[in-house]
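A short write-up of the structure that comes next.
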Amino acid sequence: MVIKVFLASSSGSTAIKKKQQDVLGFLEALKVDYAPLDIACNEDNRMWMRENVPVEKKPTNGIPLPPQIFNEESYCGDYETFFDAKEDNAVYAFLGLPPPPGSKKAPVKQEEAQEEVEDDEAKGEDDQPVSEGEEDLGSEEEEELRQLEEEEEAPEVTEQEEEDE
Numbered sequence: 001m002v003i004k005v006f007l008a009s010s011s012g013s014t015a016i017k018k019k020q021q022d023v024l025g026f027l028e029a030l031k032v033d034y035a036p037l038d039i040a041c042n043e044d045n046r047m048w049m050r051e052n053v054p055v056e057k058k059p060t061n062g063i064p065l066p067p068q069i070f071n072e073e074s075y076c077g078d079y080e081t082f083f084d085a086k087e088d089n090a091v092y093a094f095l096g097l098p099p100p101p102g103s104k105k106a107p108v109k110q111e112e113a114q115e116e117v118e119d120d121e122a123k124g125e126d127d128q129p130v131s132e133g134e135e136d137l138g139s140e141e142e143e144e145l146r147q148l149e150e151e152e153e154a155p156e157v158t159e160q161e162e163e164d165e
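Terminal number for the sequence shown in the UniProt record's numbering: 165, no gaps in between.
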């Protein structure tokens, strides 16, 4: 599977250039196979991109701007959705690619998935509401704090009494 990145080599917009560089640089860092397809020099690429971006993903003017990302014929998204996937560490899912072996998002075997469910259930036991005995501990601590505050106030009164004498 090859990722297709539609871009404009001669864009006058620095924002578009930066977005294109960000996408390509990130794909290179992940060692993802991709094909940059120029829409500025190739009318066929431009028409294919415009026809294959889903209607609901097109901007209000109807003309999608580069970069637009596809996995073969399947639309992945534009820069904003790519950026969101990057922030969520979900780029492989965004691209429709399996994560590399050994990554956190690698497919989990059925046995490992069951262990995770059991671990989650065990953790759920710790989330029980506080019992009455534990609530009393909180009340005892509050009472101790009140007593300490009262003791701190009491010496001040004593010092004032000494001055009056």
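Where a beta carbon is used, it is the ideal one built from N, C-alpha and C, also for glycine. All figures in this text were calculated on a predicted structure; none of them were measured in a lab.
- [ ] Grab the span of the beta strand (DSSP E) containing Asp33 for me, first residue to last.
- [x] Reading the sequence shown from its first residue, position 33 is the one you call residue 33. Run containing Asp33: none; DSSP gives neither H nor E here.
Task: beta strand (DSSP E) segments (min. 3 residues) lying fully within the region 32-106 - done: With a minimum length of 3 residues, the unbroken runs of beta strand (DSSP E) contained wholly in the region 32-106 fall at 34-38, 68-71 and 74-78.
- [ ] Count the other CB atoms, across all protein chains shown, that sit within 10 Å of the CB of Gly77; report buried if there are 16 or more and exposed otherwise.
- [x] As a working note, residue 77 is residue 77 in the sequence shown. Gly77 should be labelled buried.
Task: Contact under 7 Å by Cβ, Leu65 with Ile3 - done: Reading the sequence shown from its first residue, position 65 is the one you call residue 65. Reading the sequence shown from its first residue, position 3 is the one you call residue 3. A distance of 7 Å or more separates the beta carbons of Leu65 and Ile3.
Open item on the list: Applying the 10 Å Cβ sphere with the 16-neighbour rule, what's the burial state of Met47?
Closed with: Here residue 47 refers to the residue found at position 47 when the sequence shown is read from its first residue. Counting other Cβ atoms within 10 Å of its Cβ, Met47 stays below 16 and is therefore classed as exposed.
Open item on the list: Taking 8 Å as the cut-off, does the region 45-62 touch the region 9-21 (at least 3 CB pairs, one atom from each stretch)?
Closed with: Taking 8 Å as the limit for Cβ pairs, the verdict is that the region 45-62 does not touch the region 9-21.
Task: Pick from Glu43, Asp44, Pro99 and Leu24 that is closest to Pro36, judged by C-alpha positions - done: For the purposes of this step, residue 36 is taken as residue 36 along the sequence shown, with counting starting at 1. For the residues Glu43, Asp44, Pro99 and Leu24, the minimum Cα distance to Pro36 belongs to Leu24.
Open item on the list: If I measure Cβ to Cβ from Ala29 and keep anything under 8 Å in the same chain, skipping five residues before and after, which residues do I get?
Closed with: Reading the sequence shown from its first residue, position 29 is the one you call residue 29. Excluding positions up to five away in sequence, the list is empty.
Task: Close-in-space but distant-in-sequence residues of the same chain around Lys19 (CB under 7 Å, 5 per side omitted) - done: Here residue 19 is taken as the residue at index 19 of the sequence shown, counted from 1. The answer, listed in chain order, is Pro67 and Tyr79.
Open item on the list: Rounded to the nearest angstrom, what separates Asn52 and Ala90 at their Cα positions?
Closed with: Position 52 of the sequence shown, counting from 1, holds the residue named residue 52. Position 90 of the sequence shown, counting from 1, holds the residue named residue 90. Each residue's Cα considered, the two are about 23 Å apart.
Task: Simplified DSSP state of Leu7, which is helix, strand or coil - done: Sequence index remark: in the sequence shown, residue 7 carries index 7 (1-based). Looking at Leu7 - three-state DSSP - the assignment turns out to be strand.
Open item on the list: Are the CB atoms of Tyr75 and Pro99 within a distance shorter than 7 Å?
Closed with: For the purposes of this step, residue 99 is identified with residue 99 of the sequence shown, where counting begins at 1. For the purposes of this step, residue 75 is identified with residue 75 of the sequence shown, where counting begins at 1. A distance of 7 Å or more separates the beta carbons of Pro99 and Tyr75.
Open item on the list: Quick check: what's the CA-CA separation for Phe6 versus Gly102?
Closed with: Mapped onto the sequence shown, residue 6 falls at position 6. Mapped onto the sequence shown, residue 102 falls at position 102. C-alpha separation (whole angstroms): 30 Å.
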